[in-house]
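Engineer: Take a look at this one; I'll ask things after.
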Amino acid sequence: MKNNLDLILNGPVLKMICKLSLPNSITGISMVLIVISDAYFVSKLGNVSLASLALVFPFITLMQMMSAGAIGGASTSSISRFLGANLIESANSAIWHAVLIGISMSIIYSVIFVLFPKYIFMSMGADNDVLEGAIDFSQIAFGGAVFTWLLYILSAVLRAIGEFVIPAIVQISGCFLQIVLAGALTLGWFGFPNFGIMGPAIAMIVSHFIMVFYLYFYIKFKQNIVKLCPYPLNKESFFDIMKVGIGGLINSTTIAGTVGVVTATVSYYGVDALAGYGLGSRLEIIITPLVFGIGSVLTATVGINAGANQINRARNIAWVGAIISFLLVGIISGIVSFYPELWLDNFQTNFLSKQSAILYLIIVGPFYCFFAAGQTLYFASQGTGKIFYPVLVGVIRFLSVSIICYLAIKFSWSINSIFYAVSFGLGITGIGLGLCMLGRDWKSEINQKKTLNT
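Numbering (the working numbering), first residue to last: 42 to 495.
Here it is, written out as structure tokens:
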């Protein structure tokens, strides 16, 4: 870890990003495998169970976005800036406050989705067996929400101190354990009891508990840079995390909201159009791990350099990371845009759905690179502790896409207009976050000690 800190503060930027982002990207891929495997196992139970899972899945995803991206990223930002400024006690205090914030957020999720899931899923149109399955899954998955939140908070702590390999190994191992357990508990493999729709939820909680236990053990006994122990509550540590965390929560909500608006609008054009959009947008399964792998590294490395008042180096790290994301995703999405069958032939679908998916990939595909670069710069901005303008870009994207979708329905525009709206939104993310890099937040030196005294 000491060598990683030296690399982060003084090493070649490109080498540093490539070395540290590889394990994170593999972690992201393993998490995608969980999504795919859960859907596969549940599909064996029938369409009713699959529909139940589809109802709960967006809320599981939102919780992961908030715990890993919003609050987790904010925690990494705060701890890494204190560490870069050599304020070890402040970093330790930030760790304790991050844990408390994570536990508090998990309680909110548990209360909502354990006590009131029926009303939530009924409002989404669920009834009878579909509703019952969604409630069963929800009460188990969110009943153990504390383990999910602590998993991502403790992983964020390790990334903040320059340790990227251990959380990657733990999460990759845990993901494969979760996949095997999900199959066993859903379908009754290896003589395990068959819990049906509840199987993947039980597997998630068990695997997250084991991962949390090891991460706690590692932070407590296997490293000597920071300490995980109770600290007196203070508003400075809380505010330093939440000034980034609240923005992250808003950003996560705008991303989910944009997807929701587009999905609802595409459904207006029929089942085939919706199925085609679903197939085309699955390309994000490949893109997301790459962006997460690079972006989460930037949060920590920018934070450490910003805390050490090396703002020019922090800015260079952000730009190099964004360029890498732009090129990698640009190559992938560009190929798929020109040859959409390379992607779509992996799925079974009818002719009309495939045509809709081809149209989506041709129009939207070339713009994914802008979104990738923009999201990478958002992660980097988290490291500075100043994300007002990056979050504003997300809000502008949400409003712009929503307005175009509304006009498309009102004036009966073709589905092409919806896909152009998606492309426009992706472009807003990339260009908007790029412009944020030219603002004062990236030009002035960041004095962490001054932040503590405010």
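Even for Gly, the Cβ is constructed at its ideal location relative to N, Cα and C. Remember, it's a predicted structure, so these values are computed and weren't measured experimentally.
Could you compute how far the alpha carbon of I75 sits from the alpha carbon of Q219?
Structural biologist: 7 Å
Engineer: According to DSSP, simplified to helix, strand and coil, what is S453?
Structural biologist: coil
Engineer: Would you call P431 buried or exposed, if buried means 16 or more other Cβ atoms sit within 10 Å of its Cβ?
Structural biologist: With 16 or more Cβ atoms within 10 Å of its Cβ, P431 is classed as buried.
Engineer: Drop a sphere of 10 angstroms on the beta-carbon of A305, count the other beta-carbons inside from all chains shown, and report buried for 16 or more, exposed for fewer.
Structural biologist: That one is exposed.
Engineer: Under a three-way DSSP split, which group does C270 fall into?
Structural biologist: coil
Engineer: Is I487 helix, strand or coil by DSSP?
Structural biologist: Low per-residue confidence applies at I487: pLDDT is 47, beneath 50, and the placement is therefore not dependable enough to give any value.
Engineer: Using 10 angstroms around the beta-carbon of N127, count the other beta-carbons present and answer buried if the total reaches 16, otherwise exposed.
Structural biologist: exposed
Engineer: How many Å lie between V247 and C446 at the Cα?
Structural biologist: 41 Å
Engineer: Work out the CA separation of G185 and W384 for me, nearest whole Å.
Structural biologist: One C-alpha to the other measures close to 36 Å.
Engineer: From Y193 to G289, what distance separates their C-alpha atoms?
Structural biologist: 14 Å
Engineer: Between which two residues does the alpha helix (DSSP H) carrying R200 extend?
Structural biologist: 186–201
Engineer: How many Å lie between G475 and L331 at the Cα?
Structural biologist: Computed Cα separation, rounded: 19 Å.
Engineer: Counting pairs of beta carbons, one from the region 141–156 and one from the region 317–330, are three or more of them closer than 8 Å?
Structural biologist: no
Engineer: Distance, Cα to Cα, G371 vs V405?
Structural biologist: 12 Å
Engineer: Give me the Cα-Cα distance between V253 and I142, rounded to the nearest whole angstrom.
Structural biologist: 16 Å
Engineer: I need the boundaries of the alpha helix (DSSP H) containing I282, first residue and last residue.
Structural biologist: That run of the alpha helix (DSSP H) goes 276–308.
Engineer: Are S90 and V83 touching if we call contact CB-CB under 8 Å?
Structural biologist: Taking the C-beta atoms as reference points, V83 is found nearer than 8 Å to S90.
Engineer: If we call anything under 8 Å between Cβ atoms a contact, is I373 one with I403?
Structural biologist: no
Engineer: Is C477 near V442, with beta carbons less than 8 Å apart?
Structural biologist: no
Engineer: Straight-line CA distance for G113 to L418?
Structural biologist: Taking the straight line joining both Cα atoms gives about 16 Å.
Engineer: Could you give the distance in angstroms between the alpha-carbon of K284 and the alpha-carbon of G426?
Structural biologist: 7 Å
Engineer: Is the region 345–355 touching the region 454–473 in the sense that three or more CB pairs, one from each, lie closer than 8 Å?
Structural biologist: No, because fewer than three Cβ pairs between the region 454–473 and the region 345–355 fall closer than 8 Å, the two stretches do not touch.
Engineer: Please give the ranges of any alpha helix (DSSP H) in the region 60–135, keeping only runs that are unbroken, at least 4 residues long and fully inside the region.
Structural biologist: 88–105, 113–125
Engineer: Which class does A242 belong to by DSSP, given the choice of helix, strand or coil?
Structural biologist: helix
Engineer: Decide if K451 is buried, meaning its Cβ has at least 16 other Cβ atoms within 10 Å, or exposed.
Structural biologist: Here K451 is exposed. Its C-beta has fewer than 16 other C-beta atoms within 10 Å.
Engineer: Going by CA-CA distance only, name the one from M107, D313, N275, A421 that's closest to T189.
Structural biologist: M107
Engineer: By the DSSP assignment, the alpha helix (DSSP H) with F162 in it spans what residues?
Structural biologist: Note, F162: alpha helix (DSSP H), 158–164.
Engineer: Please report how far the alpha carbon of F123 lies from the alpha carbon of S131, in whole angstroms.
Structural biologist: If I take the Cα positions, the gap works out to 6 Å.
Engineer: Below 8 Å, can you find three or more Cβ-Cβ pairs linking the region 194–202 to the region 132–140?
Structural biologist: yes
Engineer: Measure the alpha-carbon distance for N537 versus I120 and round it to whole angstroms.
Structural biologist: As displayed, the chain neither begins before 42 nor continues past 495, which places residue 537 out of reach and without an answer.
Engineer: Within its chain, find whatever has a CB closer than 6 Å to the CB of S278; leave out the 5 residues flanking it on each side and keep chain order.
Structural biologist: S134, A135, H138
Engineer: Considering E382, what are the terminal residues of the alpha helix (DSSP H) in which it resides?
Structural biologist: Note, E382: alpha helix (DSSP H), 382–385.
Engineer: As a quick exercise: from A92, I437, T68, pick the residue whose alpha carbon is nearest that of V463.
Structural biologist: Here the closest residue by C-alpha is I437.
Engineer: Can you tell me where the alpha helix (DSSP H) holding I404 begins and where it ends?
Structural biologist: 392–405
Engineer: Per DSSP, what kind of secondary structure is P499 in: helix, strand or coil?
Structural biologist: Examination of residue 499 is not possible in this model, given that the chain is present from 42 through 495 alone.
Engineer: Looking at the secondary structure, which residues open and close the alpha helix (DSSP H) in which R323 lies?
Structural biologist: From DSSP, R323 is part of no alpha helix (DSSP H); its letter is neither H nor E.
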